[in-house]
RNA sequence: UGGGGGAUCGUCUAGCGGUAGGACGCCGGCCUUUGGAGCCGGCUACCUAGGUUCGAUUCCUAGUCCCCCAGCCA
């Protein structure tokens with residue numbers, strides 16, 4: 003985490019105290035342990051920044067990347083790849099510490115036999131339904147399974163037969179023998195292994211029994227020598243179980259589980275389950291759809307790793323449930339892009355302007371600054387000629403009081419160019435629509451010429467019609483949900499999605515320099531906000547993605563108010 | 001009703017017995033070679049009730065509200 007923030011991070015304090023006390027031999031080893039069952043989103047970024055950040059802050063500290071791939075039915079190598087890409091893109095490095103829980107299956111199995119031998123685990127043959135009944139409820143204690151007192155020998159041979167594939171799915175499980183009357187339901191003999199005759203994306207058909215999270219996770223941490231095992235709040239009452247497994251397995255290393263509040267962002271779809279549903283039902287273009295809060299979506303939206311990291315630093319790490327406003331995320335990308343993106347001129351809704359007193363066929367190149375906040379970004383030449391496009395909105399035939407831009411008889415400055423005066427308006431005789439404007443330019447007012455510093459009320463942007471290149475702009479609003487927590491499980495998504503989440507604007511005219519812009523380059527169109535070129539675009543004409551701020555997104559919704 | 005957690009501006013947070021600070025946001029104003037940029041100013045908070053104390057956001061007690069847990073998911 004960056005210095006200079008006053009955002010809380012109680013975990014950093016714990017780590018510092020442990021370090022000072024010489025705990026864990028003065029080492030800090032953290033891990034980011036995703037299950038490869040989906041793409042990473044901004045919520046994962048918080049965990050990534052936390053775990054990798056903690057390791058970075060400590061001399062000799064390291065953060066592992068471990069795939070928690072203990073459930074063969076949900077996992078896929080595609081996700082393994084995308085997760086690695088995203089962590090790297092965010093700017094973090096696991097060095098050679100890339101691990102897979104599935105690589106520990108054999109050792110985990112040996113630990114299980116050890117538990118059986120010491121009478122700490124048994125094979126249960128209840129059906130899933132019966133097991134639920136025996137577990138009791140939140141207020142009533144559970145009852146012991148009739149299979150709970152099987153002998154060590156019987157348990158051992160049953161467990162070996164489970165591994166050997168002698169039984170179909172669901173017929174037996176290995177359970178920890180803890181306490182069926184525990185007020186903590188997680189301690190009522192939790193399942194350690196289940197039978198799953200399914201191919202695993204890495205171990206293929208080598209196994210038909212798979213360890214459960216509560217069993218595999220603490221042991222994986224112990225095997226890797228993790229010192230601080232950081233997870234989210236919902237695992238708080240799993241901690242006694244985490245410690246129980248470590249204790250029973252007698253591992254030489256004892257990791258420590260610490261919980262923090264997961265990130266929620268207002269109106270963003272953040273659950274993997276729901277994101278998967280959106281992708282599978284093709285309600286979005288894919289995991290990298292710019293309307294999604296996935297890392298890849300944010301990236302296509304124009305977000306930078308730096309902005310995401312700054313955001314994560316700012317929001318802090320605490321134990322209280324929190325919902326961060328999306329405006330805060332937007333603030334960090336605006337701040338970052340302001341410093342680094344090149345300013346260019348673009349006209350979204352073109353209106354042709356003819357400069358009557360500018361020589362026909364002539365052209366000149368004018369100097370334009372690339373970034374007013376960063377002189378090192380340099381300048382570029384912008385071609386100027388007799389016919390230009392200006393923004394339709396920058397002209398009004400009958401301007402109201404507060405309108406200072408172009409109007410008949412009125413003067414305005416063209417950015418980086420001259421002051422022009424509107425002397426005529428050409429309309430379509432049929433429709434009355436304004437087709438073009440006739441103006442005169444004042445040659446003595448060329449930008450930068452200080453003898454002609456006449457003041458005008460407004461400055462507008464423009465592009466030369468003969469030099470401009472056409473572009474398509476896609477405006478992506480975030481996918482808003484009226485109230486995510488109220489969305490029923492089997493709902494119709496379309497009623498909750500922002501109907502105007504994607505808008506295409508074609509026929510835009512942009513500076514010629516944008517034609518060869520590399521994919522993903524970021525620009526700020528003067529007065530119009532931030533854009534990046536499409537990361538996928540192989541088109542000749544540029545396609546831009548634009549981040550639409552929430553405020554504007556709301557304005558486009560019916561009531562113009564945040565949904566509540 | 002069992003267990004585990006958590007409550008400070010609208011939002012995210014700082015605070016560790018001594019004037020409640022920052023950031024986002026919002027509202028004004030300025031800037032006019034374009035702002036959704038920049039600059040200036042303003043806005044609003046300690047869950048409640050008792051107690052301890054010269055003094056409580058902080059300590060104690062009793063409540064209230066919110067979140068999580070009854071997958072052979074993670």
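Residue numbers (this note's numbering): 3 to 566.
Ideal placement from N, C-alpha and C gives every residue a C-beta, glycine not left out.
For this session: Taking all protein chains shown into account, decide if residue 325 is buried (16 or more other Cβ within 10 angstroms of its Cβ) or exposed.
Result: Around the CB of residue 325, fewer than 16 other CB atoms lie within 10 Å, so the residue is classed as exposed.
Exercise. Residue 154: buried (16+ other C-beta within 10 angstroms of its C-beta) or exposed?
Worked result: So residue 154 ends up on the exposed side.
Exercise. CB residue 235 to CB residue 275, shorter than 8 Å?
Worked result: Not closer than 8 Å, so no.
Exercise. Grouping DSSP H, G and I as helix and E and B as strand, with all else coil, what is residue 13?
Worked result: In this structure, residue 13 counts as helix in the three-state DSSP scheme.
For this session: Note the first and the last residue of the continuous beta strand (DSSP E) segment covering residue 180.
Result: Neither: residue 180 is in no beta strand (DSSP E) and is coded neither H nor E.
Problem set entry | Given residue 461 as reference, the closest of 93, 503, 395, 399 once Cα atoms are compared | Closest in alpha carbon position to residue 461, among 93, 503, 395, 399, is 395.
Exercise. How many angstroms separate the CA atom of residue 14 from the CA atom of residue 336?
Worked result: So the two alpha carbons sit approximately 28 Å from each other.
Exercise. Just to confirm, are residue 37 and residue 71 a CB contact at a threshold of 8 Å?
Worked result: Contact: yes.
Exercise. With distances taken between CB atoms, is the gap from residue 301 to residue 480 smaller than 8 Å?
Worked result: Cβ atoms of residue 301 and residue 480: not closer than 8 Å.
For this session: Would you list the residues sitting across from residue 438 in a DSSP beta bridge?
Result: Under DSSP, residue 438 forms a beta bridge with 354, 428.
For this session: Might you give, ordered along the chain, the residues of its own chain that have their beta carbon closer than 6 Å to the beta carbon of residue 12, omitting 5 neighbours on each side?
Result: Contacts found: none.
Problem set entry | Three-way DSSP call (helix, strand, coil) for residue 314 in this model | DSSP places residue 314 in helix when its eight states are reduced to three.
Problem set entry | Counterpart residues of residue 53 in DSSP-defined beta bridges | Bridge partners of residue 53: none, in fact.
Exercise. Quick one: what's residue 262 bridged to in DSSP?
Worked result: DSSP links residue 262 through a beta bridge to 234.
Exercise. Any chance the region 85-103 sits against the region 127-141, with 3 or more Cβ pairs inside 8 Å?
Worked result: Counting Cβ pairs under 8 Å, fewer than three are found: no touch.
Exercise. In whole angstroms, what is the alpha-carbon distance linking residue 232 and residue 150?
Worked result: Roughly 33 Å separates the two Cα atoms.
Exercise. In its own chain, which residues sit with a C-beta less than 6 Å from the C-beta of residue 76, not counting the 5 before and 5 after it?
Worked result: Excluding sequence neighbours, residue 76 sits near 39.
Problem set entry | Close beta carbons around residue 109, own chain, < 7 Å, minus the five adjacent residues each side | Only 225 meet the Cβ criterion.
For this session: From the DSSP output, read off the bridge partner residues of residue 527.
Result: When beta bridges are read from the DSSP output, residue 527 appears opposite 346, 531.
Exercise. Alpha carbon to alpha carbon, what distance is there between residue 100 and residue 372?
Worked result: Taking the straight line joining both Cα atoms gives about 42 Å.
Problem set entry | Nearest-angstrom Cβ-Cβ length linking residue 183 and residue 144, presumed shorter than 8 Å | Confirmed, Cβ separation roughly 7 Å.
Exercise. Are residue 245 and residue 33 closer than 8 Å when you measure CB to CB?
Worked result: The Cβ atoms of residue 245 and residue 33 lie no closer than 8 Å to each other.
Exercise. Secondary structure at residue 21, three-state DSSP: helix, strand or coil?
Worked result: Assigned with DSSP and collapsed to three states, residue 21 falls in helix.
Exercise. Between residue 448 and residue 458, what straight-line distance do the alpha-carbon atoms span, to the nearest angstrom?
Worked result: In a straight line, the C-alpha of residue 448 is about 13 Å away from that of residue 458.
For this session: Output the distance between the C-alpha atoms of residue 406 and residue 345, rounded to the nearest integer angstrom.
Result: C-alpha separation (whole angstroms): 23 Å.
For this session: Output yes or no for whether 8 Å exceeds the beta carbon distance between residue 357 and residue 422.
Result: For residue 357 and residue 422, yes; Cβs fall inside 8 Å.
Problem set entry | Exposure label - residue 550; buried when at least 16 CB within 10 Å | The residue in question, residue 550, is buried, as its Cβ has 16 or more Cβ neighbours within 10 Å.
For this session: Out of 59, 256, 318, 392, point me to the one whose CA is closest to residue 529's CA.
Result: For residue 529, the nearest C-alpha among the options comes from 392.
For this session: Please state whether DSSP places residue 547 in a helix, a strand or coil.
Result: In the structure shown, residue 547 sits in a strand (DSSP, three-state: E or B).
Exercise. Does DSSP put residue 278 in a helix, a strand or coil?
Worked result: Note: residue 278 maps to helix in three-state DSSP.
Exercise. When the Cα of residue 321 is compared with those of 85, 238, 160, which residue comes out closest?
Worked result: Looking at the Cα atoms, 238 is the closest of the given residues.
Exercise. Can you check whether the CB of residue 176 is closer than 8 Å to the CB of residue 194?
Worked result: Taking 8 Å as the cut-off, the Cβ atoms of residue 194 and residue 176 count as close.
For this session: List the endpoints of the continuous beta strand (DSSP E) containing residue 471.
Result: Per DSSP, residue 471 is one residue of the beta strand (DSSP E) stretching across 471-478.
Exercise. Roughly how many angstroms separate the alpha carbons of residue 98 and residue 420, rounded to a whole number?
Worked result: When the Cα atoms are used, residue 98 and residue 420 turn out to be separated by approximately 59 Å.
Problem set entry | Contact the region 427-440 vs the region 355-369: 3+ CB pairs below 8 Å | In short, these stretches touch, since the Cβ pair count reaches three.
Problem set entry | Simplified DSSP state of residue 217, which is helix, strand or coil | Looking at residue 217 - three-state DSSP - the assignment turns out to be helix.
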